[in-house]
Each structure stands twice: as C-alpha cells, then as structure tokens.
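Letter 24 of the sequence shown, counting from 1, is numbered 24 in UniProt numbering, and no numbers are missing.
Please read the structure below before turning to the comments.
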Amino acid sequence: MAEEPGALVKAQQGAVDHLLRVGIEGFGPFKSAQDVAGDLLAQGLTRDEAIRNLIRTHVTAAGIQGFAMNIGGLITLPVTLPANVAAAYLVQTHLIASIAAVQGHDLDSDEVRTAILVCLLGNAGTEVLKKVGIRAGSKLTMSLIERIPAQLIREVNKRVGFTLLAKYGTSKAGITLAKGVPLVGGVIGGGFDAVTTRAMGSFARRFFASSPGTPRIVDGRVVEPEVLEGEVVSDVVEDRATGSE
1 MAEEPGALVK AQQGAVDHLL RVGIEGFGPF KSAQDVAGDL LAQGLTRDEA
51 IRNLIRTHVT AAGIQGFAMN IGGLITLPVT LPANVAAAYL VQTHLIASIA
101 AVQGHDLDSD EVRTAILVCL LGNAGTEVLK KVGIRAGSKL TMSLIERIPA
151 QLIREVNKRV GFTLLAKYGT SKAGITLAKG VPLVGGVIGG GFDAVTTRAM
201 GSFARRFFAS SPGTPRIVDG RVVEPEVLEG EVVSDVVEDR ATGSE
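What follows is the structure, encoded as structure tokens:
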C-alpha cells in the first residue's frame, strides 16, 4: 500500500531535522559543533588550520570500519536508513556545522541550518535552488543563502529533504539516496565514505568563506550586483559578474 504524500513529506522533514539536531549538537566521539570549533580556535589555530583539522578528523572517523555500529542509537532516524549511511550523513553534517562555526556563523539561525543542508548536497544544491526560482550562478556560497527570503528558505529545506531521501518504503525497504547526492555508504564501505567526507569538507570550506560580489535576491530572484534599484530585471537573472568568488 502506497504511503500518503503528506506522510512522506513529514517523514523526510523529520529525518532532515534529526540530522541537523544531532549533527550540530554532537554524537559519539564528537562534541557539539560549536564546542569543537571553539576548542580548535582556543588552541591558537587559524581558521584555515582549524578547518583542515576538522576535515582530517572527520575523514578518519568516516573511514573507520564499524564506526556506525559504535554510535548505536544516536544514528536512529525517523525513517529507515542503513546504519552506515546514516552515520556518513551525521559525520558530514557535524563537519559542515563545525566549519560554519569556525567561520563565525550562528548555528541557531535558519539561514545557517539551511546552508548546512545545501552543503550536504554538494553541487546538486544548485538544482534545488533552481527549483524554487533561484539561479545561483557557478558557485554556491553562504552569502547567497543569507539573501534568500524566509518563505523560500522553508521551501529549500523541504526540497533538500526530498533530494537527500529520494524515496523510501516500509521499514524493511530502507531508503534509496537521490542520484547525484555525494553521500553513499553501505555496500561501498568506509573507504568511499572517507573520500566523500573529504570532498564535503572542501566544499563547505569554500561555501562558508567570504564571497565578494555575491548576487542579492529580490522577491525570490537573484539579481546581478551591478543591477541598480529600479531597473527592470527578468524572472531569474544569473550572476555573471566577473571577479566574484
């Protein structure tokens, strides 16, 4: 018997909320993302050194055989997901949140939490933004997320949940991850999780870095920085400004 669409959306959103909460608050060997970031900076590390340290420790954790089993019930999600896949999501969520904290972002803000989810999608996040009417140009950045109106933030979150957890069935069926999402565990094993975690850390480092020349958003439309107020713009204008990061 097919699940009701509303129930699917609710379960997907519940899984995403759980990933964010546990990933940010910490689990297993990881303290909260805020505490981890604070500890590294308190040691006198630069932000770049702290981020490199974060990537290294999370890659190591993701590559350890049996890591998922060691954190037990902390990886339990509101939907059925193989333990090692859930563990990979949590490690990567914690890594991204920790990088955001090192860069001084408020982990309690809706924009930062949305940014963490978008980072989990990697470059596929561009497609999610496009589906809500935002064309992000060649690169995704935190500066872009900060300019998305609140009503679109909620829609982005819903679509991220759908993309991360593309479909699932009964408790025995598990979840099939969306095509193009660079978070895969299970049959591939810890080595692949380590590789994708490293890639995720590198993506988050670029994402949360300062990005001059980022386009602003007006009524859900991305507008080129040089467009002056009062000028007519098309429904969606892609950022083509030169020199932007």
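Virtual Cβ for every residue (Gly too), placed ideally from N, Cα, C.
Proximity to residue 87 across 12, 106 and 61 peaks at 61, based on C-alpha coordinates. In this structure, 159 is the residue among 16, 99 and 159 with its C-alpha nearest to the C-alpha of residue 126. Going by C-alpha positions, residue 26 is about 17 Å away from residue 197.
Following the DSSP letters along the chain, one finds residue 58 inside the alpha helix (DSSP H) bounded by residues 47–63. Taking 8 Å as the cut-off, the Cβ atoms of residue 99 and residue 208 count as close. By the Cβ test, the stretch 47–58 is not in contact with the stretch 111–126, since fewer than three Cβ pairs between them sit closer than 8 Å. No Cβ-Cβ contact shorter than 8 Å links residue 91 with residue 128. Taking 8 Å as the cut-off, the Cβ atoms of residue 124 and residue 34 do not count as close. With fewer than 16 other CB atoms across the displayed protein chains lying within 10 angstroms of its CB, residue 56 is exposed. Here residue 12 is buried, its C-beta having at least 16 other C-beta atoms within 10 Å. Residue 109 counts as exposed, since fewer than 16 other C-beta atoms from the protein chains shown sit within 10 angstroms of its C-beta. Counting only residues of its own chain and dropping the five nearest sequence neighbours on each side, residue 105 has a CB closer than 6 Å to the CB of 112. Distance between residue 132 and residue 38, taken at the CA atoms: about 35 Å. Here the C-alpha atom of residue 140 lies approximately 30 Å from the C-alpha atom of residue 28. Counting the other CB atoms within 10 Å of its CB gives residue 46 a total below 16, which places it among the exposed residues. Under DSSP, residue 207 shares a beta bridge with no residue. By the Cβ neighbour-count rule, residue 204 is buried, with 16 or more other Cβ atoms within 10 Å of its own. For residue 95 against residue 24, the beta-carbon gap comes to about 11 Å, at or over 8 Å, which does not count as contact. Counting only unbroken stretches of 3 or more residues, no beta strand (DSSP E) element lies wholly within the stretch 87–170. Rounded to the nearest angstrom, the gap between the Cα atoms of residue 64 and residue 54 is 16 Å. The beta carbon of residue 41 is closer than 8 Å to those of 47, 50 and 102 in its chain, skipping five residues each way along the sequence.
Secondary structure note for residue 38: its alpha helix (DSSP H) is the uninterrupted segment 33–42. Contact check for residue 163 against residue 121 passes: the beta carbons are separated by less than 8 Å. Between residue 15 and residue 144 the beta-carbon gap is near 25 Å, outside 8 Å, which marks them as no contact.
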